[in-house]
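Taking it in order: structure first as C-alpha coordinates, then the write-up.
Residue numbers (mature numbering (1 follows the signal peptide of the UniProt record, and there is no 0)): -17 to -1, 1 to 158.
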(Lines of atoms letter the chains of each structure in order from A and count residues from 1; the text may use other names and numbers.)
(Lines give C-alpha, C1' and ligand atoms only; values in the text may rest on other atoms or scores of the structure.)
Protein backbone atom coordinates (compact mmCIF):
# COMPACT_ATOMS: atom_id res chain seq x y z
CA UNK A 1 0.00 0.00 0.00
CA UNK A 2 2.81 2.43 0.85
CA UNK A 3 4.50 1.92 -2.53
CA UNK A 4 1.20 2.48 -4.36
CA UNK A 5 0.66 5.80 -2.56
CA UNK A 6 4.27 6.79 -3.21
CA UNK A 7 3.76 6.05 -6.92
CA UNK A 8 0.55 8.12 -7.01
CA UNK A 9 2.31 10.99 -5.24
CA UNK A 10 5.26 10.87 -7.64
CA UNK A 11 2.85 10.85 -10.61
CA UNK A 12 1.06 13.91 -9.24
CA UNK A 13 4.33 15.78 -8.67
CA UNK A 14 5.39 15.14 -12.28
CA UNK A 15 1.96 16.23 -13.55
CA UNK A 16 2.01 19.39 -11.47
CA UNK A 17 5.53 20.30 -12.60
CA UNK A 18 4.45 19.96 -16.24
CA UNK A 19 1.53 22.36 -15.83
CA UNK A 20 3.59 25.40 -14.86
CA UNK A 21 3.56 27.21 -18.18
CA UNK A 22 0.96 28.53 -20.56
CA UNK A 23 -1.57 29.86 -18.08
CA UNK A 24 -2.22 33.54 -17.59
CA UNK A 25 -4.02 33.06 -14.27
CA UNK A 26 -2.39 33.30 -10.85
CA UNK A 27 -0.79 30.10 -9.64
CA UNK A 28 -2.44 27.89 -7.05
CA UNK A 29 -1.36 28.16 -3.43
CA UNK A 30 1.57 25.93 -2.63
CA UNK A 31 0.65 22.88 -0.63
CA UNK A 32 2.67 22.52 2.53
CA UNK A 33 2.34 18.76 2.33
CA UNK A 34 1.23 16.50 -0.46
CA UNK A 35 -2.05 14.85 0.36
CA UNK A 36 -3.52 11.79 -1.27
CA UNK A 37 -7.21 11.24 -0.74
CA UNK A 38 -7.78 7.51 -0.69
CA UNK A 39 -10.72 6.32 -2.74
CA UNK A 40 -13.79 5.04 -0.94
CA UNK A 41 -14.09 1.29 -0.82
CA UNK A 42 -16.70 1.48 -3.59
CA UNK A 43 -14.74 3.78 -5.96
CA UNK A 44 -13.21 2.30 -9.12
CA UNK A 45 -9.95 0.48 -8.39
CA UNK A 46 -6.98 2.76 -8.83
CA UNK A 47 -8.87 6.08 -8.83
CA UNK A 48 -7.79 8.75 -6.34
CA UNK A 49 -7.17 12.48 -6.05
CA UNK A 50 -4.00 14.18 -4.84
CA UNK A 51 -3.75 17.59 -3.15
CA UNK A 52 -7.49 18.38 -3.22
CA UNK A 53 -8.25 21.98 -2.23
CA UNK A 54 -11.13 24.43 -2.41
CA UNK A 55 -10.89 28.21 -2.70
CA UNK A 56 -11.94 30.01 0.48
CA UNK A 57 -15.14 32.06 0.16
CA UNK A 58 -17.72 33.76 2.38
CA UNK A 59 -20.69 32.99 0.09
CA UNK A 60 -21.64 32.61 -3.56
CA UNK A 61 -19.42 30.56 -5.86
CA UNK A 62 -16.12 28.78 -5.36
CA UNK A 63 -14.16 25.99 -7.01
CA UNK A 64 -12.24 22.85 -6.07
CA UNK A 65 -8.99 21.59 -7.56
CA UNK A 66 -6.50 18.72 -7.36
CA UNK A 67 -5.09 15.98 -9.56
CA UNK A 68 -7.25 12.97 -10.42
CA UNK A 69 -5.07 9.86 -10.64
CA UNK A 70 -6.12 6.67 -12.42
CA UNK A 71 -3.84 3.69 -11.77
CA UNK A 72 -6.36 1.36 -13.41
CA UNK A 73 -6.22 -0.21 -16.86
CA UNK A 74 -9.29 1.56 -18.30
CA UNK A 75 -10.25 5.19 -18.73
CA UNK A 76 -12.55 6.61 -16.03
CA UNK A 77 -15.07 9.41 -16.66
CA UNK A 78 -16.19 11.71 -13.84
CA UNK A 79 -19.74 12.82 -14.73
CA UNK A 80 -20.88 14.87 -11.71
CA UNK A 81 -20.11 15.87 -8.16
CA UNK A 82 -21.79 16.55 -4.83
CA UNK A 83 -20.86 18.28 -1.59
CA UNK A 84 -22.86 19.35 1.46
CA UNK A 85 -21.31 22.80 0.90
CA UNK A 86 -23.34 23.50 -2.25
CA UNK A 87 -26.70 22.52 -3.72
CA UNK A 88 -25.34 22.98 -7.27
CA UNK A 89 -22.04 21.55 -8.47
CA UNK A 90 -20.88 21.50 -12.08
CA UNK A 91 -17.77 20.14 -13.77
CA UNK A 92 -16.24 23.13 -15.59
CA UNK A 93 -13.62 23.99 -18.16
CA UNK A 94 -12.06 27.35 -19.03
CA UNK A 95 -11.86 28.25 -22.72
CA UNK A 96 -11.19 31.35 -24.80
CA UNK A 97 -14.33 32.95 -26.22
CA UNK A 98 -14.55 36.37 -27.85
CA UNK A 99 -11.07 37.30 -26.62
CA UNK A 100 -11.88 36.49 -22.99
CA UNK A 101 -11.35 33.42 -20.85
CA UNK A 102 -14.72 31.99 -19.85
CA UNK A 103 -15.70 29.04 -17.70
CA UNK A 104 -18.52 26.77 -18.74
CA UNK A 105 -19.87 23.29 -18.00
CA UNK A 106 -17.60 20.56 -19.41
CA UNK A 107 -19.44 18.45 -21.98
CA UNK A 108 -19.05 14.76 -21.17
CA UNK A 109 -17.27 15.31 -17.84
CA UNK A 110 -13.62 14.72 -16.98
CA UNK A 111 -11.89 11.73 -18.57
CA UNK A 112 -9.02 10.34 -16.52
CA UNK A 113 -6.96 8.14 -18.86
CA UNK A 114 -5.88 4.65 -17.88
CA UNK A 115 -2.58 4.85 -15.98
CA UNK A 116 -2.78 8.65 -16.21
CA UNK A 117 -3.89 11.85 -14.53
CA UNK A 118 -6.33 14.70 -15.10
CA UNK A 119 -5.41 18.09 -13.65
CA UNK A 120 -8.08 20.25 -11.98
CA UNK A 121 -6.57 23.73 -11.72
CA UNK A 122 -7.41 27.44 -11.76
CA UNK A 123 -7.74 28.58 -15.37
CA UNK A 124 -8.54 25.02 -16.49
CA UNK A 125 -10.85 22.16 -15.60
CA UNK A 126 -12.31 22.44 -12.09
CA UNK A 127 -15.24 21.54 -9.84
CA UNK A 128 -17.56 24.58 -9.58
CA UNK A 129 -19.71 25.06 -6.48
CA UNK A 130 -22.62 27.52 -6.76
CA UNK A 131 -24.87 28.79 -3.99
CA UNK A 132 -22.32 27.91 -1.31
CA UNK A 133 -24.20 27.42 1.96
CA UNK A 134 -21.48 28.34 4.48
CA UNK A 135 -18.15 30.17 4.65
CA UNK A 136 -15.06 28.22 3.67
CA UNK A 137 -12.11 29.30 5.81
CA UNK A 138 -8.43 28.38 5.37
CA UNK A 139 -7.83 24.86 6.64
CA UNK A 140 -11.50 23.84 6.46
CA UNK A 141 -12.15 20.27 5.34
CA UNK A 142 -14.88 20.11 2.69
CA UNK A 143 -16.30 16.67 1.77
CA UNK A 144 -16.90 15.80 -1.88
CA UNK A 145 -18.13 12.85 -3.90
CA UNK A 146 -17.36 12.63 -7.62
CA UNK A 147 -19.66 10.30 -9.54
CA UNK A 148 -17.93 7.96 -11.96
CA UNK A 149 -19.74 6.91 -15.16
CA UNK A 150 -20.92 3.34 -14.59
CA UNK A 151 -19.37 3.15 -11.13
CA UNK A 152 -19.44 4.25 -7.54
CA UNK A 153 -18.32 7.72 -6.38
CA UNK A 154 -14.84 8.80 -5.37
CA UNK A 155 -15.20 10.37 -1.91
CA UNK A 156 -12.60 12.77 -0.47
CA UNK A 157 -12.16 15.97 1.54
CA UNK A 158 -10.62 19.13 0.09
CA UNK A 159 -8.76 21.67 2.24
CA UNK A 160 -9.81 25.34 2.19
CA UNK A 161 -7.04 27.63 0.84
CA UNK A 162 -6.88 31.35 0.11
CA UNK A 163 -6.49 32.09 -3.61
CA UNK A 164 -7.13 35.30 -5.56
CA UNK A 165 -8.41 33.37 -8.57
CA UNK A 166 -8.29 33.80 -12.30
CA UNK A 167 -10.02 36.46 -14.35
CA UNK A 168 -12.45 34.23 -16.21
CA UNK A 169 -16.18 34.85 -16.66
CA UNK A 170 -18.94 32.31 -16.04
CA UNK A 171 -21.12 31.43 -19.03
CA UNK A 172 -23.87 28.98 -18.05
CA UNK A 173 -25.66 26.87 -20.63
CA UNK A 174 -23.06 27.12 -23.40
CA UNK A 175 -24.02 25.62 -26.72
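Glycine included, C-beta positions come from ideal geometry on N, C-alpha and C.
In this structure, residue 141 sits away from residue 28, with a CB-CB distance that is not shorter than 8 Å. Between the alpha carbons of residue 55 and residue 119 lies a gap of roughly 33 Å. Annotated three-state conformation of residue 124 is strand, per DSSP. Under the DSSP assignment, residue 71 falls in the beta strand (DSSP E) whose first and last residues are 71 to 80. The beta carbons of residue 80 and residue 125 sit about 29 Å from each other, so the pair does not count as a contact at 8 Å.
Distance between residue 121 and residue 93, taken at the CA atoms: about 27 Å.
For a cut-off of 8 Å, the C-beta gap from residue 62 to residue 135 is around 12 Å, too long to register as a contact. DSSP links residue 88 through a beta bridge to 75.
Under the DSSP assignment, residue 34 falls in the beta strand (DSSP E) whose first and last residues are 30 to 38. Assignment of residue 138 by DSSP, reduced to helix, strand and coil, places it in the strand class.
Rounded to the nearest whole angstrom, the CA to CA distance from residue 42 to residue 95 is 30 Å.
Contact annotation, residue 103 with residue 88: C-beta distance approximately 14 Å; criterion of less than 8 Å not satisfied. When the Cα atoms are used, residue 100 and residue 53 turn out to be separated by approximately 6 Å.
Short of 6 Å from the beta carbon of residue 36, and not among the five residues preceding or following it, lie these beta carbons of its own chain, in chain order: 48, 141, 142, 144. With 16 or more other CB atoms across the displayed protein chains lying within 10 angstroms of its CB, residue 105 is buried. If you compare the alpha carbons of 86, 59, 60 with that of residue 109, the shortest gap goes to 86. Looking at the backbone, the Cα of residue 50 and that of residue 113 are separated by about 21 Å.
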